[in-house]
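Before any comments, here is the structure.
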Amino acid sequence: MANAKSLDGKVVIVTGAGRGIGREIALLCAAEGARVVVNDPGGAADGAGNDAAPAEQVVEEIKKRGGTAVANFETVAEAIPASKIVKQAVDTYGKLDGVVNNAGILRDAIFHRMSIDAFESVIKVHLMGSFYVSHAAARLFREQESGSFVHFTSTSGLIGNFGQANYAAAKLGIVGLSKSIALDMNRFNVRSNCISPFAWSRLIGTIPTETPEEKARVERMQRMTADKIAPICAYLLGDAAKDVTGQIFAVRMNEIFLMGQSRPIRSVQRSEGWTPQSIAEHGMPALKGSFYKLDRSADIFNWDPV
């Protein structure tokens, strides 16, 4: 059936689903037949404050369109509240089939000026939050021998960006977390993948727009709407993706990229072993041609989104 809904009968948690990318994922999952736990404590972009309205509004919108959803206001940044998101899914709908770890905050600063609090709070929401929610769901998934995790990474971690050591560390950590879940839980038919989204959201709404170049860059970004990220997320949660695990996908408007993972690209060997001097004279010069430049995301994705 060409018109069959891809998530019929499934129960899905989407964290940070009150706004932006998370909201679009929740709406599409519901439209595809899933019953959705819309999690969002409703904090500001830097994580401050609480507001029930964003999650409640998304639930209302889903219901208006004939879907099924419930709001959840717990933080993912602490283990017990995060486990309550999973508990609510099971208490409300009797089971859980998919987890989307989308919740995030930003606290950008150049590295030597970054506060310890700015580093720790971003790690807590992104990396620890992805772990806490996934860990709470893992036993259920193992028992039922099915389930799909979709985690959110970023080219800030995969490639690099200025002023985002906290965010980049968290986002690259999530890649390692996802791969480990994929390896450990593959025998139980549980999948884990990452999405690296390019989309305009309030988290990147703080980018300066003073020069013509900056204005043009932001205009390009505003064309990359959050709804473009939702389809691959819904796909990865569905049975059609049963053989897809341990991968990293980047999505930019209508483009989907399979991202690389660390593998050796060059080697040097000396039978007698190495000294600091022979590394300086022979080893490093042989490897230098294959060094990565200090690229940022925009240097690698340097063409307009299509």
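Residue 7 is where the sequence shown starts when you use the numbering used here, and the numbers rise one by one after that.
Built from N, CA and C at the ideal position, the CB exists for glycine as well.
Since the structure is predicted, the reported quantities are computational estimates derived from the model, not experimental observations.
Three or more beta-carbon pairs separated by less than 8 Å are not found between the region 252–260 and the region 167–178, which leaves the two stretches without contact. For R272, no beta strand (DSSP E) segment is defined, and its DSSP state is neither H nor E. Annotation: F204 to M290 spans about 35 Å, alpha carbon to alpha carbon.
Taking the Cα of R25 as reference, the smallest distance to any Cα among F117, M265, G72, A236 is reached at A236.
The Cβ atoms of A109 and A115 do not sit closer than 8 Å to each other. Note that the C-beta distance between E66 and L33 is not below 8 Å. K185 and G104 have their C-alpha atoms spaced approximately 16 Å apart.
Sequence-distant partners of T81 (beyond 5 residues in either direction) whose C-beta falls short of 7 Å from its own C-beta, in its chain, are P47, P87. Nearest to V139 by C-alpha distance, out of K93, Q253, R223, is K93. For E261, the uninterrupted beta strand (DSSP E) segment begins and ends at 261–264. Excluding the 5 residues flanking it on each side, I238 has same chain C-beta neighbours closer than 7 Å at I201, F255, V257, I262, in chain order. Distance from V128 to Y173 at the Cβ level is roughly 6 Å; contact confirmed, criterion being Cβ atoms closer than 8 Å. Taking 8 Å as the cut-off, the Cβ atoms of L183 and F137 count as close. Within its own chain, the residues whose Cβ lies closer than 6 Å to the Cβ of V196, once the five positions on either side in sequence are excluded, are F147, G153, listed in chain order. Of the other Cβ atoms in all chains shown, 16 or more fall within 10 Å of the Cβ of A36; this residue is therefore buried. For F204, the enclosing beta strand (DSSP E) starts and ends at 196–204.
Within its own chain, the residues whose Cβ lies closer than 8 Å to the Cβ of H288, once the five positions on either side in sequence are excluded, are V274, R276, listed in chain order.
Ranked by Cα distance from L264, the options T74, N199, V20 are led by N199. Ranking F194, T217, V131, W280 by CA distance to the CA of E149 puts F194 first. For the pair A142 and F307, the Cα-to-Cα distance works out to about 36 Å. C-alpha of Q253 to C-alpha of R269: approximately 14 Å in a straight line. Taking the CA atoms as reference points, E84 sits about 31 Å from G266. Put simply, the backbone Cα of K69 is about 35 Å away from that of N192. The beta carbon of K101 sits closer than 6 Å to the beta carbons of V17 from its chain, once the five residues preceding and following it are set aside; these are given in chain order. Boundaries of the alpha helix (DSSP H) harbouring G135: 135–150, taken from the DSSP string. Spanning the alpha carbons of F297 and W280 requires a straight line of approximately 20 Å. T217 counts as exposed, since fewer than 16 other C-beta atoms from the protein chains shown sit within 10 angstroms of its C-beta.
Between the alpha carbons of S284 and I271 lies a gap of roughly 21 Å. Beta-bridge analysis with DSSP links H157 to N107, C200. Bridge pairing for R41: V17, T74 [DSSP].
The C-beta distance from G28 to K11 rounds to 20 Å, too long to fall under 8 Å, and the pair is not in contact.
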